[in-house]
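What follows is a single structure, written as structure tokens, with notes after it.
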Amino acid sequence: MTVVGYCRLSRDEDKENYSSIEEQKRIITDYAATRNWTISDFYIDDNVSGYTFNRPEFTKMIEKVKGGKIDVVIAKDLSRIGRNNGRVLVLIDEFKNMQKNLIAVSEMGGTYDVLNDRDDLIGITTWFNERYVKECSKKTRDHMYSKQKSGRLIMGNYYGYEKVFKDDTPMLYVIDEIRPVIELIFKLYLEDGYGFQKISEILNTKYNFPTPSEYYRMKHLERGRVYKHKVQDKWTKDMVSNILKNEVYTGTLTTHKKRTINIRGKAVKLPKEEHFIFENHHEPIISKDKFDEVQQILNRKIKVNKNDDIDLFSGYLKCSHCGSGLIIKKSKNQIYYYCSSYIKDKSCLKYSINKKKLEQMEKDEIIKKINIEQ
């Protein structure tokens, strides 16, 4: 007979009734000894919510139970198995149908044995387990909402800023070594007229600034912590886009952008009217005027390109008079590329070219090249 132990710990939900992994293992081992059983293995999910049943070690263990490789599962109590009332009751029925045993050592004033004990009141126990985690979740959401509404900084990872506690209050301070890349991205987009893709190419070939994930990993390592997220060592257009659209660089903190509806559920975006906005929250890297100008250009591009799959020329066209980048804009039901300096402050000529004309010129060049090669 194969007997295993299952341990689970969630530091958020178990603050009032904390039981460490080692203590759970001791309780399970001591109980097994009273039955002259030997624990062949332990399956442990550390710092994982019991509301979800999508837990790595738990899933692996249940698969082996269903495959006939495990006969008995021992846990400290049913809340370790899970805090979702319906799912736990279904699991108990599955164990009975498979004639496999699930034992909760400290349950209902004693020990609960699925195959040998009556379970008239077990539904009440599992209901209380779920109610407890829901109450914890509600308290957490209420606490988070209170922080968001007061403008208290919660998130720590803003590329270009460091989260530092001052008088127990978290503050954002500019990281001097990262400030230049933020300023450069805005300059390349606003003054030089480059698009997201072209800017990412420039950052990868001409500069040696760390990408956001590279920088976060470096800081984690300096603090002796493990960075668990994917690290991208090359700049991408999405990274550039995220920086250009983030008003945190103007010194503004925006909170309450998302909210989770269900426990461990996916966060949903909230409409702008529900956001909490705190201006002059920290030192800006980019002026508000410059940021607003970028957003105006971005909005114009969205309106012009909403029916197009991709703008092949974005970031690659230059004004022949001043060298500034060309910006796409709709005029009289036609799409043109205009000099960004002209659009910005009329400091250049109203140089423009029709997009359809440009596409035709490109097609003619491709056809000409094909004929030459043939």
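Under the working numbering, the residues of the sequence shown are numbered 52 to 425, in order. Glycine residues also receive a C-beta, built at the ideal position from the N, C-alpha and C atoms. Note that the structure is a prediction, hence the values are computed from the model and not measured.
Cβ of residue i within 8 angstroms of Cβ of residue j?
{"i": "Leu239", "j": "Glu344", "result": "no"}
{"i": "Trp286", "j": "Leu254", "result": "yes"}
{"i": "Phe247", "j": "Lys288", "result": "yes"}
{"i": "Asn87", "j": "Leu60", "result": "no"}
{"i": "Val156", "j": "Val54", "result": "no"}
{"i": "Phe237", "j": "Lys341", "result": "yes"}
If you drop the 5 nearest sequence neighbours on each side, which residues of the same chain put their C-beta closer than 6 angstroms to that of residue i?
{"i": "Glu108", "result": "Tyr94, Ile95 and Asp96"}
{"i": "Ser375", "result": "Gly244, Cys390, Ser391 and Ser392"}
{"i": "Gly56", "result": "Ile79, Ile90, Phe93 and Ile125"}
{"i": "Lys406", "result": "Ile386"}
{"i": "Ile404", "result": "Tyr388"}
{"i": "Lys320", "result": "Lys309"}
Using 10 angstroms around the beta-carbon of residue i, count the other beta-carbons present and answer buried if the total reaches 16, otherwise exposed.
{"i": "His333", "result": "buried"}
{"i": "Ser398", "result": "exposed"}
{"i": "Phe338", "result": "Here the sequence assigns Ser to residue 338, which means Phe is not the residue at that position. So Ser338 counts as exposed."}
{"i": "Ala83", "result": "buried"}
{"i": "Leu272", "result": "exposed"}
{"i": "Gly133", "result": "buried"}
{"i": "Tyr163", "result": "buried"}
{"i": "Lys249", "result": "buried"}
{"i": "Glu158", "result": "buried"}
Starting from the Cα of residue i, find the closest Cα among the options and give me that residue.
{"i": "Pro261", "options": "Gly211, Lys308 and Thr53", "result": "Gly211"}
{"i": "Lys120", "options": "Gly101, Asp92 and Asn98", "result": "Asp92"}
{"i": "Pro263", "options": "Thr256, Ile72 and Glu228", "result": "Glu228"}
{"i": "Lys214", "options": "Cys58, Ile404, Val299 and Ala84", "result": "Val299"}
{"i": "Asp284", "options": "Val277, Ser251 and Arg274", "result": "Ser251"}
{"i": "Val116", "options": "Glu158, Arg138, Arg106 and Phe146", "result": "Phe146"}
{"i": "Asn208", "options": "Glu114, Tyr278, Phe237 and Met52", "result": "Tyr278"}
{"i": "Gln346", "options": "Arg274, Ser292 and Asn105", "result": "Ser292"}
Take residue i and list the residues in its own chain whose beta-carbon comes closer than 8 angstroms to its own, dropping the five residues that flank it on each side.
{"i": "His326", "result": "Thr305, Thr306, His307 and Lys308"}
{"i": "Ile143", "result": "Leu153, Val165, Asp170 and Ile173"}
{"i": "Pro231", "result": "Phe260"}
{"i": "Pro322", "result": "none"}
{"i": "Ser71", "result": "Leu60"}
{"i": "Phe216", "result": "Met222"}
Would the C-beta of residue i count as close to the ligand GDP, meaning under 7 angstroms from any of its heavy atoms?
{"i": "Thr110", "result": "What this structure holds is no ligand at all, so the ligand GDP is not there to describe."}
Got a sec? Which residues, its chain only, sit under 7 angstroms from residue i by beta carbon, not counting five neighbours each side?
{"i": "Lys408", "result": "none"}
{"i": "Asn331", "result": "Gly302"}
{"i": "Leu368", "result": "Gly376, Leu377 and Tyr388"}
Given this structure, state the Cα-to-Cα distance separating residue i from residue j, to the nearest angstrom.
{"i": "Asn350", "j": "Tyr388", "result": "15 angstroms"}
{"i": "Thr301", "j": "Ile328", "result": "12 angstroms"}
{"i": "Lys127", "j": "Arg268", "result": "37 angstroms"}
{"i": "Val225", "j": "Leu377", "result": "32 angstroms"}
{"i": "Thr103", "j": "Asn135", "result": "7 angstroms"}
{"i": "Thr110", "j": "Lys151", "result": "16 angstroms"}
{"i": "Arg138", "j": "Lys257", "result": "55 angstroms"}
{"i": "Leu295", "j": "Pro335", "result": "14 angstroms"}
{"i": "Pro221", "j": "Asn167", "result": "54 angstroms"}
{"i": "Gly161", "j": "Thr85", "result": "14 angstroms"}
{"i": "Met290", "j": "Gln75", "result": "44 angstroms"}
{"i": "Met412", "j": "Lys270", "result": "49 angstroms"}
{"i": "Gly118", "j": "Met149", "result": "10 angstroms"}
{"i": "Glu265", "j": "Ile233", "result": "15 angstroms"}
Between residue i and chain B, is any beta-carbon pair separated by less than 8 angstroms?
{"i": "Asp128", "result": "Annotation note: the requested chain B is absent from the structure, which comprises a single protein chain."}
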